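Accompanying notes for the structure given below.
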Amino acid sequence: MWNDNCLARRAEHLSTQLPAPHFPSEFGDEIILFDSGFAAPQLLPDLSGFAADALTAHREEVLQYASGRGQPYLREWLANWMNEDGCALTADHILITNGAKQGIDLVCRLLLDEGDAIVVTAPTYFTAIPIFRNHGAEFVEIGQDDAGLDVAALEAALDARAAVGKAAPKFIYNIPEFHNPTGATMSAARREALVALAEARGIPIVEDSPYRRVRFDGPDAPLLKALDRSGSVFHLGTFSKLVAPGLRIGWVAAEPALVARMVQLKSEGGSSPLIQRIIHEFARSDRFPEHVARVQAAYRERRDHIVAAVARELPDAVVAVPEGGYYVWLTLPEHVDGDLLAARAHAAGVHLIAGSRFFAAQGAAAPRNHIRLSFSYTTPAQIDDGVGRLGAVYRALAGE
């Protein structure tokens, strides 16, 4: 019989329950999925021609083992792509990963020992929280507003830790573009202040930027990596949100010496060379900019549709309207329990995520009057149906 005393400390607290159904393939058409950032099926590009070419003209390359760093041509293309945003990178600054979440895990392996502190926003990306927790991180939560992370509050928190003899956090994790879950975009002034503070305190920044090219409105602000003068910013990117999540290709941009260490911390045999070749050929084709424009237009329409539907069906909710990305963040009246609303919506066939799950200080300490809605997977008609059902649940809950 299994003995739990054999478990490592990192596994002792993990649930023994298998995951509940979550992905579109696990549900029928009657379920409205507002919960996660699934790609719109209508926007998934036809990559069959690129795949056929990769498996014929490049068969010996793509069906063979490949470098853990990633294919040189894709690393070079990514470096040049980021340089268009003001960076100064070469292929040696790029590490190909199996999605951005592997990048998060590798940065944690590189920088964290159990018990180290990290800075996160309150709220933050909920899927990153268990990754950080599994590495034994202590969370320092810093508030944010519609201009992003509150750098003044961060500076005060760092001073307070130093005053009582606590070590500085090992890194600052932030999503500057179309923040998940709030949708906020960090202002240029805040970005400059954050990089200056981090460099002055010797604290690395982990810039998670999966949505940068999924912009609908407003001008681009500089990448944190473009403002980096000390080599202390780790930039995380992915093709999941712009092209297709099933490709599982992301990247880390960091100093070559740090990339060299992260390669040694990777436990798999490298990201698929077949998928890397397909992505590279698609990204340098004439179809790629057309695809980007199509993605932006379609998700802009869905964002506008869900904002209007929420205003119609949940007029008491305050909606943060993002300039891009996949999500809207709803702040409900203080007395409304977002966890209960999410559970009852689920029973009504509308899947969404309660806002409390996006706070590192979960449990009683987490605010409970928020919910997040993803508009990426649902069509405008499904948005109307789903928000209509959600509104009925909300009104029933408010009448109790």
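Position one of the sequence shown corresponds to residue 1133 (the working numbering), numbered consecutively onward. No residue lacks a Cβ here, since even glycine has one placed at the ideal position from N, Cα and C. These numbers come from a predicted model, not from an experiment.
Whole-angstrom distance between residue j and residue i, CA atom to CA atom
| i | j | result |
| --- | --- | --- |
| alanine 1475 | histidine 1367 | 35 Å |
| glycine 1200 | alanine 1143 | 27 Å |
| proline 1447 | alanine 1441 | 9 Å |
| alanine 1443 | aspartate 1245 | 46 Å |
| asparagine 1212 | leucine 1176 | 25 Å |
| alanine 1184 | glutamate 1162 | 35 Å |
| isoleucine 1228 | isoleucine 1304 | 22 Å |
| valine 1283 | threonine 1253 | 11 Å |
| glycine 1401 | glutamine 1174 | 32 Å |
| leucine 1533 | glycine 1481 | Missing from the structure shown is residue 1533; the chain here goes from 1133 to 1532 and no further. |
| isoleucine 1410 | threonine 1188 | 12 Å |
| arginine 1521 | tryptophan 1461 | 18 Å |
| alanine 1158 | alanine 1172 | Note on identity: in this sequence residue 1158 is glutamate, with alanine being the wrong assignment. If you take the alpha carbons of glutamate 1158 and alanine 1172, they lie about 16 Å apart. |
| methionine 1394 | valine 1439 | 41 Å |
| aspartate 1237 | histidine 1267 | 9 Å |
| alanine 1449 | histidine 1478 | 19 Å |
| leucine 1139 | threonine 1148 | 12 Å |
| aspartate 1277 | valine 1451 | 13 Å |
| arginine 1426 | phenylalanine 1182 | 19 Å |
| glycine 1160 | phenylalanine 1371 | 27 Å |
| arginine 1361 | alanine 1386 | 12 Å |
| alanine 1269 | isoleucine 1263 | 9 Å |
| tryptophan 1383 | asparagine 1306 | 16 Å |
| alanine 1285 | glutamate 1192 | 54 Å |
| tyrosine 1197 | histidine 1190 | 13 Å |
| proline 1313 | tyrosine 1257 | 6 Å |
| glycine 1297 | proline 1499 | 29 Å |
| glycine 1457 | alanine 1429 | 12 Å |
| isoleucine 1274 | arginine 1489 | 16 Å |
| glycine 1202 | isoleucine 1226 | 8 Å |
Span of the alpha helix (DSSP H), counted from its first residue to its last, around residue i
| i | result |
| --- | --- |
| threonine 1188 | 1180-1189 |
| arginine 1504 | First-last for arginine 1504: 1502-1506, but that is the beta strand (DSSP E), not the alpha helix (DSSP H). |
| glutamate 1208 | 1204-1215 |
| arginine 1141 | 1141-1144 |
| alanine 1358 | 1356-1359 |
Neighbourhood of residue i by C-beta, 6 Å cutoff - its chain only, sequence neighbours within 5 removed
| i | result |
| --- | --- |
| phenylalanine 1365 | It is valine, not phenylalanine, that sits at residue 1365 in the sequence shown. Correct list, in chain order: Ile1337, Glu1339, Leu1356 and Lys1357. |
| histidine 1311 | none |
| arginine 1534 | Any question about residue 1534 goes unanswered here, given that the chain covers just 1133 to 1532. |
| proline 1512 | His1437 |
| isoleucine 1261 | Ala1492 |
| valine 1194 | Ala1186, Pro1405, Leu1406 and Arg1409 |
| proline 1454 | Phe1310 and Gly1315 |
| leucine 1326 | Val1283 |
| arginine 1293 | none |
Opening and closing residue of the beta strand (DSSP E) in which residue i lies
| i | result |
| --- | --- |
| tryptophan 1383 | 1382-1385 |
| valine 1395 | No beta strand (DSSP E) holds valine 1395; the alpha helix (DSSP H) holding it covers 1388-1397. |
| leucine 1227 | 1226-1229 |
Any chain D beta carbon closer than 9 Å to residue i
| i | result |
| --- | --- |
| serine 1180 | The chain labelled as chain D is not found in the depicted structure, where only one protein chain is given. |
Proximal residues to residue i (C-beta, below 7 Å), its chain only, five neighbours per side dropped
| i | result |
| --- | --- |
| proline 1354 | Gly1218, Ala1320 and Arg1323 |
| glutamate 1287 | Leu1329 |
| asparagine 1215 | Leu1221 |
| glutamate 1466 | Asn1501 |
| threonine 1463 | Ala1449, Val1450, Asn1501 and His1502 |
| alanine 1486 | Gly1470, Asp1471, Ala1474 and Ile1503 |
| leucine 1179 | Ile1410 and Phe1414 |
| proline 1536 | Absent from the structure is residue 1536, since the part of the chain shown begins at 1133 and ends at 1532. |
Residues bridged to residue i [DSSP beta-bridge criterion]
| i | result |
| --- | --- |
| glycine 1523 | For glycine 1523, which the question treats as bridged, DSSP gives no partner whatsoever. |
| glycine 1369 | Trp1383 |
| aspartate 1340 | Leu1368 |
| alanine 1486 | Ile1503 |
| arginine 1347 | Gly1456 |
| leucine 1165 | His1483 |
Close beta carbons around residue i, own chain, < 8 Å, minus the five adjacent residues each side
| i | result |
| --- | --- |
| tryptophan 1209 | His1412, Ala1415 and Arg1416 |
| leucine 1559 | Because residue 1559 is not part of the residues shown, which for the chain are 1133 to 1532, the question remains open. |
| glutamine 1514 | Ile1164 |
| proline 1204 | Ala1223 |
| message | Just to confirm the assignment: which complete alpha helix (DSSP H) runs, minimum length 4, are found wholly within the segment 1241-1323? | response | 1260-1266 and 1283-1295
| task | Mind listing, in chain order, the continuous alpha helix (DSSP H) runs of no fewer than 4 residues lying wholly within the segment 1410-1475? | result | 1419-1445
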